[in-house]
Amino acid sequence: MQQRRVGTFTMGIVLIFFGFILLISQLKTQNAAIILIKGWPLILVLLGLEVLWRYYTLKDEQTKIKYDILSIIIIGAICATSLGLYVFTQVGVVSRISDMVLNQSYKMDAKVSEFIVDDTVKKLVIDASGLQLNVRTSQNNKVTAQAKACIRANSKEKAQELLQEQEVVYEKEGNTVHMSFNRPISGNISVNEYDIIVPANLEVEVYETSAIKFICQQIQSDWYIFDTGNVDITISENTNVKLIALVENQESLMGNVDWDIDDQDPSGNKDLPGNSKSLRYEATFGSGKNNIYILESGDITANKLL
Numbered sequence: 037m038q039q040r041r042v043g044t045f046t047m048g049i050v051l052i053f054f055g056f057i058l059l060i061s062q063l064k065t066q067n068a069a070i071i072l073i074k075g076w077p078l079i080l081v082l083l084g085l086e087v088l089w090r091y092y093t094l095k096d097e098q099t100k101i102k103y104d105i106l107s108i109i110i111i112g113a114i115c116a117t118s119l120g121l122y123v124f125t126q127v128g129v130v131s132r133i134s135d136m137v138l139n140q141s142y143k144m145d146a147k148v149s150e151f152i153v154d155d156t157v158k159k160l161v162i163d164a165s166g167l168q169l170n171v172r173t174s175q176n177n178k179v180t181a182q183a184k185a186c187i188r189a190n191s192k193e194k195a196q197e198l199l200q201e202q203e204v205v206y207e208k209e210g211n212t213v214h215m216s217f218n219r220p221i222s223g224n225i226s227v228n229e230y231d232i233i234v235p236a237n238l239e240v241e242v243y244e245t246s247a248i249k250f251i252c253q254q255i256q257s258d259w260y261i262f263d264t265g266n267v268d269i270t271i272s273e274n275t276n277v278k279l280i281a282l283v284e285n286q287e288s289l290m291g292n293v294d295w296d297i298d299d300q301d302p303s304g305n306k307d308l309p310g311n312s313k314s315l316r317y318e319a320t321f322g323s324g325k326n327n328i329y330i331l332e333s334g335d336i337t338a339n340k341l342l
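Note that our numbering has the sequence shown beginning at 37, numbered continuously upward.
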């Protein structure tokens, strides 16, 4: 008695069907996962048709029908593997693995962004949005900013192209210039740090930095540093400035600067933004003509160049 296997023909049809659907999904950007999930009962239909076809074509023969269990298992494995690979592609796992294999890291500086300051501008407001800022002053009449980026790309040219996604935005309102930063949305570029140069004659307010390093030279107006992470200030020689810091405790103050605690009642800090119950410490250099207020920050490191 002969044996005829059932399932081999269905496996061949399923392979063709799955390959065709995945090819169409790649060429026409159709969602293959939805098509395959909704279309899986066709496997049972094909297998049933093959059983009926074998039964009616061989019913007059002394032939025993045997199910090809191995083919059926292979069909299931192929379906699961194909669907799994497609899902990994859709959620970005495959592209991430490709990036890890094909891309390399580049550390690059962006093109310097400039804003010319005319005589009508008196104040600069910097909204750092969690960035680290390296700030210093100059006698020039322009504000400059340069991003430092870490980029993953398959070539230096592609890295430079991604670097163009970052942008420094300047908006003038009356006598005030507002400075903000548009950070790239691509996952292949990280911009967390900017070098900034500010004209010494401007009053400056800085908000929401993750950290700020400030080289203080001859500033000619007051500075306010609000709601920031750690602050690192270097006081240049012959600088006439007073540091005023509101902190919860003296342990937050570091560096070679001698701080003096203000003996006034903490309620006297009400004229300053921040916690009116904080302790007020001061350090004066030269005549202390201009003030640098540090409010609601992390640790403060202040060093004077000797």
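Positions of the beta carbon are idealized from the N, C-alpha and C atoms, including for glycine.
The closest CA to that of Val153, considering only Asn176, Ser141, Ile162, is found on Asn176. Runs of the alpha helix (DSSP H) lying entirely within the stretch 185-220 and spanning at least 4 residues, in chain order: 192-199. Exclusion of the five residues before and after Gly324 leaves Asn276, Val277, Lys278 as the residues of its chain whose Cβ lies within less than 8 Å of its Cβ.
Out of Glu193, Ile109, Gln182, Leu341, the CA that lies nearest to the CA of Lys147 is found in Gln182.
Cβ-Cβ distances below 6 Å link Gln253 to Thr173, Ser272 in the same chain, with the five nearest sequence neighbours on each side left out; the list follows chain order.
With respect to the C-alpha of Thr264, the residue from Cys186, Asp163, Asp231 having the closest C-alpha is Asp163.
For Val293, the secondary structure class from DSSP, reduced to helix, strand or coil, is coil. Taking the Cβ atoms as the reference, Ala338 lies roughly 5 Å from Ile269, within the contact range of under 8 Å. Ile336 is classed as buried because its beta carbon has at least 16 other beta carbons within 10 Å across all chains shown. With a beta-carbon spacing of about 4 Å, Glu239 and Ser257 fall inside the 8 Å limit used to define contacts. Each of Lys340, Glu284, Glu201, Ala236 was checked against the Cα of Leu315, and the nearest Cα belongs to Glu284. Taking 8 Å as the cut-off, the beta carbon of Thr180 is found no closer than this to the beta carbon of Ile248. Between Val171 and Phe250, the gap from beta carbon to beta carbon is short of 8 Å.
Trp295 and Asn326 have their C-alpha atoms spaced approximately 17 Å apart. Judged by DSSP secondary structure, Thr320 falls within the beta strand (DSSP E) whose first and last residues are 315-321. Per DSSP, the unbroken beta strand (DSSP E) holding Thr173 starts and ends at 168-174. Here Ser149 is bridged, per DSSP, to Ala181.
In the DSSP annotation of this structure, the continuous segment of the beta strand (DSSP E) that includes Val283 starts and ends at 277-283.
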